[in-house]
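Q: Under our numbering, the residue at position 108 of the sequence shown is numbered 130, and the numbers go up by one with no gaps. Starting off with a structure, shown below.
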Amino acid sequence: VEITGKLGLAAKTITNLTRELLSSNVIRIAGYRSSSGGRRQELLELNPDYKYGLGIYLGGRCLEGAIVDLRGGVSIYKKIRVDIRESQSSLLNKIKHLTRELITQTKMSKLFGTGFVFHGILDTRGEMIISSAVLPNLKGVKIKKFFREEFSLPIEVEISSRAIALAEKWFGAARNINDFILLELGMGIGSTIVHKGEIFYGAGGHAGEIGHTVVETNGRMCPCGRRGCLETVASIPAIEKEMVRCFKGSELKNFKELYHLAINGNKSARDIINRAGQYIGIATSNLVNILNPSHLIVSGELIQGKNLLFQTIDNTLRKYVIPSFYDSLQIIPGKLEERATVIGGATLALKRCFEATELN
Ligand SMILES: [Zn+2]
Numbered sequence: 023v024e025i026t027g028k029l030g031l032a033a034k035t036i037t038n039l040t041r042e043l044l045s046s047n048v049i050r051i052a053g054y055r056s057s058s059g060g061r062r063q064e065l066l067e068l069n070p071d072y073k074y075g076l077g078i079y080l081g082g083r084c085l086e087g088a089i090v091d092l093r094g095g096v097s098i099y100k101k102i103r104v105d106i107r108e109s110q111s112s113l114l115n116k117i118k119h120l121t122r123e124l125i126t127q128t129k130m131s132k133l134f135g136t137g138f139v140f141h142g143i144l145d146t147r148g149e150m151i152i153s154s155a156v157l158p159n160l161k162g163v164k165i166k167k168f169f170r171e172e173f174s175l176p177i178e179v180e181i182s183s184r185a186i187a188l189a190e191k192w193f194g195a196a197r198n199i200n201d202f203i204l205l206e207l208g209m210g211i212g213s214t215i216v217h218k219g220e221i222f223y224g225a226g227g228h229a230g231e232i233g234h235t236v237v238e239t240n241g242r243m244c245p246c247g248r249r250g251c252l253e254t255v256a257s258i259p260a261i262e263k264e265m266v267r268c269f270k271g272s273e274l275k276n277f278k279e280l281y282h283l284a285i286n287g288n289k290s291a292r293d294i295i296n297r298a299g300q301y302i303g304i305a306t307s308n309l310v311n312i313l314n315p316s317h318l319i320v321s322g323e324l325i326q327g328k329n330l331l332f333q334t335i336d337n338t339l340r341k342y343v344i345p346s347f348y349d350s351l352q353i354i355p356g357k358l359e360e361r362a363t364v365i366g367g368a369t370l371a372l373k374r375c376f377e378a379t380e381l382n
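See the structure below:
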């Protein structure tokens, strides 16, 4: 009855459609509710196990794979290490083996398709990796062709911040939010602009490259060929470079250990994180002042809940965003945390299928 009202279709059509979806297991009956007319109403829900999406995420230091159901639940998850110096063929080999392993563990017929996610720049047709600052050897890989030749599954490719935005929109912090900016802070820094529920791509398909907005005019060299980009002062590699310089001779291994020190009151550690947070905050406040979104969702490896970095970014935004914009802006951490990107990969496959006319 409710569906009839929402879609404006005849009750009989809805009954026929739901019977069809029920018999093919796309939806299932979740329970019953008695209505005022005396007849009990069926409560329907999407069957999360109807089919799955396969997500593959190649980060700068790891390769992750996951099988994700229609509610964003992860049933299988694998993670292996990769290295920045690794050759192209070695990286592709690892992708091939991990994908094959996940396909073997799920039934091929249960998979909608695969979504591959990486850090870098993708050509407008989504076929080829133009460049990747975190894994330079990926340059020039015809990634869709690779997947098509290795596996007989539909393949979608996307950069990390957009995959996270999609995952948060479907399953996380951005459900029911239609105008937001997703900020990804990790090995690279990126942003995705969502307007009226749709991702904004820009004329060339590369909108949102906040990591390559300049924040220090004579700063460090960036892999993009210019100096002083946000990524050169606030990405994981930049923060760790600063950590090594500051804590010369110490045993500190990575940003997680630096966070630990900072939480325990070490001033130098706090200074490094605050400096990165201020730069991120300045760049982001410019974006917020231009776009006036309702929400800013902050995600990526550098963010765990409202941690120290998150708080510094928020404090900086309060300082530089137009006050009335700041008052109406909600700044929240992503909900899907460290698995957001690989879930985003799988969501690409699910999205593609739900946009197609035939569910089978
Ligand atoms: Zn740059």
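Glycine included, C-beta positions come from ideal geometry on N, C-alpha and C. No experiment lies behind these values; they were computed from the predicted model shown.
Looking at C-beta atoms only, is the number of pairs between the stretch 287-295 and the stretch 234-247 that lie closer than 8 Å three or more?
A: The stretch 287-295 is not in contact with the stretch 234-247.
Q: Looking at the structure shown, is Ile186 part of a helix, part of a strand, or coil, going by DSSP?
A: It is helical.
Q: With a cut-off of 6 Å, give the chain-ordered residues whose Cβ is closer than this to any heavy atom of ligand 1.
A: The answer, residue by residue, is His234, Cys244, Cys246, Arg248, Cys251 and Glu253.
Q: Residues bridged to Thr136 by DSSP?
A: DSSP output for Thr136 lists Leu76 and Ile177 as bridge partner(s).
Q: With DSSP as the reference, please indicate the residues paired to Tyr54 in a beta bridge.
A: Its beta-bridge partners are Glu64.
Q: Between the Cα of Thr338 and the Cα atoms of Glu178, Asn115, Gly81 and Ile295, which residue gives the shortest distance?
A: Ranking Glu178, Asn115, Gly81 and Ile295 by Cα distance to Thr338 puts Ile295 first.
Q: Between the Cα of Tyr79 and those of Ser272, Glu67, Ser46 and Lys116, spot the shortest distance and give me the residue it belongs to.
A: Minimum Cα distance to Tyr79 is reached at Lys116.
Q: Taking all protein chains shown into account, decide if Asn38 is buried (16 or more other Cβ within 10 angstroms of its Cβ) or exposed.
A: With fewer than 16 other Cβ atoms within 10 Å, it is exposed.
Q: Looking only at its chain, what residues have a beta carbon closer than 7 Å to the beta carbon of Gly367, apart from the 5 residues adjacent to it on each side?
A: Excluding sequence neighbours, Gly367 sits near Gly77, Ile78, Tyr79, Gly137, Phe138, Val139 and Ala185.
Q: Can you have a look at Asn276 and say buried or exposed, based on whether 16 or more other CB atoms are within 10 angstroms of its CB?
A: Exposed, because fewer than 16 other Cβ atoms sit within 10 Å of the Cβ of Asn276.
Q: Going by the CB atoms, is the gap between Tyr72 and Leu44 shorter than 8 Å?
A: No, the Cβ-Cβ distance between Leu44 and Tyr72 is not below 8 Å.
Q: Between Ala371 and Ala362, what straight-line distance do the alpha-carbon atoms span, to the nearest angstrom?
A: The straight-line gap from Cα to Cα measures roughly 15 Å.
Q: Considering only residues of the same chain and omitting the five flanking positions on each side of Gly299, which have a CB-CB separation below 7 Å?
A: Cβ neighbours of Gly299 beyond the five flanking positions: Leu331, Thr334, Ile335 and Thr338.
Q: When the distance is taken between beta carbons, is Gly250 closer than 8 Å to Val266?
A: The answer is no: Cβ separation not under 8 Å.
Q: Below 8 Å between beta carbons: does that hold for Gly210 and Glu253?
A: Yes, the Cβ-Cβ distance between Gly210 and Glu253 is below 8 Å.
Q: Could you check what DSSP says for Gln333 in three-state terms: helix, strand or coil?
A: Helix.
Q: For Phe168, name the three-state secondary structure that DSSP assigns.
A: Helix at Phe168.
Q: Cβ of His141 within 8 Å of Cβ of Gly227?
A: No. Outside cutoff.
Q: Would you mind reading off the limits of the beta strand (DSSP E) that contains Arg242?
A: Per DSSP, Arg242 belongs to no beta strand (DSSP E) and is neither H nor E.
Q: Can you have a look at Glu323 and say buried or exposed, based on whether 16 or more other CB atoms are within 10 angstroms of its CB?
A: By the neighbour-count rule (16 or more Cβ atoms within 10 Å), Glu323 is buried.
Q: Any contact between the stretch 342-356 and the stretch 304-322? By contact I mean 3 or more CB pairs, one from each, below 8 Å.
A: Contact holds: three or more Cβ-Cβ distances are below 8 Å.
Q: How is Ile209 classed by DSSP in three states: helix, strand or coil?
A: The sequence shown places Met at residue 209, rather than the Ile named in the question. The answer is coil: DSSP assigns Met209 none of H, G, I, E or B.
Q: Can you give me the start and stop residues for the alpha helix (DSSP H) that Glu86 sits inside?
A: Note, Glu86: premise wrong, no alpha helix (DSSP H); beta strand (DSSP E) at Cys84 to Val90.
Q: Going by DSSP, which residues form a beta bridge with His141?
A: Answer is none; His141 lacks a bridge partner.
Q: Could you compute how far the alpha carbon of Lys132 sits from the alpha carbon of Arg297?
A: Computed Cα separation, rounded: 47 Å.
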